[in-house]
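I have placed the structure first, in the form of structure tokens, so that the comments after it can refer back to it.
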Amino acid sequence: MLQVLIQGLLLSGLYALIAVGFTLIFSVGRVLNLAYGAYLLIGGYAYFYFAQTLGMPKFAGVLMAGIFGCVLGLLKFQLIVKPLKGNHVAIEISTLILAVFLQSTVIFVFGDSSKILLPIIPGVERVAGAAIPFSNLFAAIASWIILLSLWWFVRSTHMGRAMQAVSMDAKGAAISGVDANRVNMFTWGLSGALGAIAGVFFASYTQLYPGMWVAPLIIAVAVVIVGGIGSIIGTLIVAHIVGFLEILTSAYIAPELRGVFTMLLIIVILVWRPSGLFGREEL
Amino acid sequence: MAMLDIKNLNAFYGKAQALHDVSLSVEEGSIIAIVGANGAGKSTLLDSIMGLTQFTGDIHLDGRSIASARTRDIVASGVGYAPERFNLFPYMTVRDNLMVGAYTARGDISRNLDMVYRLFPRLKEREKQETSSQSGGERQMVSLGRALMSSPRLLIVDEPTIGLAPKVCLEIAEVLKRLRDDFSLTVLITEQNANFALSLAEQVQVLESGQLVASGTPAELSSDERLAAAYFGHA
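Protein sequences appear in the order of chains A and B. Add 1 to the 1-based position in the first sequence for the numbering used here, that's all there is to it. Add 270 to the 1-based position in the second sequence for the numbering used here, that's all there is to it.
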């Protein structure tokens, strides 16, 4: 029981971090970014390359992952989203294709086989029969710190308030002197960096392999659909619902079915409450 | 030199032309009203000044063309806009709505916030409330307050009294007068409520189907029988 609680908390913190970058882009840019999982992929491999292949310090590896994700986000905005302005189907198809393209690039550069990320912090603690790798604990705590900082940022800075403003009323933001283009650029860069850092943690939780962008994308979509696009707090709550659902499923039913219930939950919510549990579209 | 000078403005919504060859100037320190029925093009005219529509023609602010300027630069050069539907941020507090208005005038926040709260004490009382839960009158105050947070010299207000109770209309009129008299702002408003416009403005322009058809002081316009019957509801 305690084991389930601990594992659920650790996993949910990570899921919240995975989902929040996706939520940001949907709220501010109104774009369903199906290439979101690619940030995690690129982040994981960037960390692998810089920290393990080149042997840079682990913190520097995480930083490089964040920078790669940020640049990828900015490029995606400038080269795909902005030219296709407002054409949602085209943006969704293009971003999905981009994710597949990046997967192929990763296979081309690093090969098809999966890689093991060494723990960011080595060591394991046993609590009530549950093995808690320090790496997972670090990932959960880091996720919480990042989410709380983000929550503070969005509420208390000019740029953060501008992001909320653009998400709630584009014209209102424009006549307040907010440049929506700059806010969008910033949000895409931030979303990419968050996704890539989440990718490092996610890969250290599971493993690093070229198809690792799919599962996080489903988690992010699930959090967004179940929660309704909402506040950062809403993302946190629903990430815990999804995280605990997975842990409970693998503990009491079968580990093979863990992802299945998340997807069933998506369908149930779509049918029963299309606007989500906390449904509103603003940040 | 006029503070705002609009020359031969033609504005479009898609292929439909909403404004035809509108020319208008606003002198510094005056209160000007544009009167017209629903759909006459009042909001399009104001949106065009803010760079939010497709248009041809020229618009000068203090002698400099702003016709191709970006909205944020127009705001930063001293034009505050309170639009008809307010366009507030519904799930942000009153105070945060005002803070977004300060985006281009961060050095003046404490002075402007103090001015807004002095003009609208009710906003100070409700600064922690989300605007989605507010009445129309309160939203109009937030909208005006947000526009004032950008340190404007020209304040543009689209239909300040629409949907508001008569008592609130008087309050708003009082504030607009104080902004001109005490804070040296120039004020440009649109109105369907011609009596409100006549009681407030020194100069009134009449907009009909996208064209300016008459202009004058309130006294001049009231004495024109044809206009009086058509726009001001009395013969």
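Here a beta-carbon is modelled for each residue, glycine too, at the ideal position from N, C-alpha and C. Quick caveat, the model's predicted, so the values are computed rather than measured.
Strictly under 7 angstroms for the Cβ-Cβ distance: is residue i near chain A by that measure?
i                 : result
Ala346 of chain B : yes
Asn357 of chain B : yes
Ala505 of chain B : Legend: pLDDT at Ala505 of chain B = 45, less than 50; position of this residue unreliable, no value from coordinates given.
Thr374 of chain B : yes
Arg450 of chain B : no
Asp366 of chain B : yes
Tyr283 of chain B : no
Val296 of chain B : no
Val427 of chain B : no
Arg342 of chain B : yes
Gly371 of chain B : yes
Met271 of chain B : no
Met362 of chain B : yes
Tyr511 of chain B : Examination of residue 511 of chain B is not possible in this model, given that chain B is present from 271 through 505 alone.
Ala288 of chain B : no
Ile276 of chain B : no
For residue i, name the three-state secondary structure that DSSP assigns.
i                 : result
Asn34 of chain A  : coil
Ala505 of chain B : Caution applies to Ala505 of chain B, whose pLDDT of 45 falls short of 50 and renders its modelled position unreliable; the model cannot decide the point.
Glu478 of chain B : strand
Asn463 of chain B : coil
Ala489 of chain B : helix
Tyr293 of chain B : Per the sequence presented here, residue 293 of chain B reads as Ser, with Tyr not at that position. In the structure shown, Ser293 of chain B sits in a strand (DSSP, three-state: E or B).
Asp452 of chain B : coil
Lys277 of chain B : strand
Glu429 of chain B : coil
Phe282 of chain B : strand
Ala17 of chain A  : helix
Phe390 of chain B : coil
Gln410 of chain B : helix
Gly327 of chain B : strand
Lys86 of chain A  : coil
Arg127 of chain A : strand
Gly350 of chain B : strand
Gln1 of chain A   : This structure does not reach residue 1 of chain A, given that chain A is present from 2 up to 284, and the question cannot be answered.
Pro134 of chain A : strand
Glu400 of chain B : strand
Arg416 of chain B : helix
Ala140 of chain A : helix
Throw me the rounded Cβ distance for the residue i and residue j pair, which I believe falls under 8 angstroms.
i                 : j                 : result
Ala288 of chain B : Thr314 of chain B : 4 angstroms
Asn34 of chain A  : Thr106 of chain A : Not really, about 18 angstroms apart at Cβ, beyond 8 angstroms.
Val305 of chain B : Ala467 of chain B : 5 angstroms
Gly62 of chain A  : Phe78 of chain A  : With 8 angstroms as the limit, Gly62 of chain A and Phe78 of chain A do not qualify as a contact, their Cβ atoms being about 25 angstroms apart.
Leu331 of chain B : Leu274 of chain B : 6 angstroms
Ala66 of chain A  : Tyr48 of chain A  : 4 angstroms
With a threshold of 7 angstroms between beta-carbons, can residue i be considered close to chain B, or not?
i                 : result
Ser115 of chain A : no
Ala204 of chain A : no
Beta carbon of residue i: closer than 6 angstroms to some heavy atom of the ligand GTP?
i                 : result
Val261 of chain A : The ligand GTP is not among the ligands present in this structure, which contains no ligands whatsoever.
Hey, is the region 262-277 of chain A in contact with the region 180-200 of chain A, meaning 3+ C-beta pairs nearer than 8 angstroms? no
Sufficient close CB pairs (3 or more, under 8 angstroms) joining the region 265-279 of chain A to the region 219-234 of chain A: yes
Check whether the region 43-52 of chain A touches the region 66-74 of chain A, counting contact only when three or more Cβ pairs, one atom from each stretch, lie closer than 8 angstroms. yes
The region 172-205 of chain A: positions lying closer than 8 angstroms to chain B by Cβ: Lys172, Gly173, Ala174, Ala175, Ile176, Ser177, Gly178, Val179 and Asp180
Should the region 198-207 of chain A be regarded as contacting the region 333-352 of chain B, the criterion being three or more beta carbon pairs within less than 8 angstroms? no
contact_flag[the region 274-285 of chain B, the region 439-455 of chain B] where n(CB pairs < 8 angstroms) is 3 or more: no
Segment contact, 8 angstroms Cβ cut-off, at least three pairs: the region 382-397 of chain B with the region 408-426 of chain B: Result yes; three or more Cβ-Cβ pairs closer than 8 angstroms.
Taking Cβ-Cβ distances below 9 angstroms as the criterion, which residues of the region 407-419 of chain B are in contact with chain A? Ser413, Arg416, Ala417 and Met419
Please identify, using Cβ separations under 7 angstroms, the residues of the region 148-168 of chain A that lie next to chain B, in order along the chain. Flagged, chain order: His159, Arg162, Ala163, Gln165 and Ala166.
Is it a yes or a no for the region 429-436 of chain B touching the region 461-481 of chain B, going by three-plus beta-carbon pairs under 8 angstroms? yes
When you compare the region 184-201 of chain A with the region 13-32 of chain A, are there three or more beta-carbon pairs, one atom per stretch, that lie closer than 8 angstroms? Two segments are said to touch when three or more pairs of C-beta atoms, one from each, lie closer than 8 angstroms; by this definition the region 184-201 of chain A touches the region 13-32 of chain A.
May I ask you to list, following chain order, the residues of the region 301-323 of chain B that have a beta carbon less than 8 angstroms from some beta carbon of chain A? Correct list: Met320 and Leu322.
Cβ pair count under 8 angstroms reaching 3, the region 231-240 of chain A against the region 125-142 of chain A: no
Do the region 321-337 of chain B and the region 403-413 of chain B make contact, defined as three or more Cβ pairs closer than 8 angstroms? no
Can you confirm whether the region 245-252 of chain A touches the region 158-174 of chain A when touching is taken to mean that 3 or more C-beta pairs between the two stretches lie within less than 8 angstroms? No, the region 158-174 of chain A does not touch the region 245-252 of chain A.
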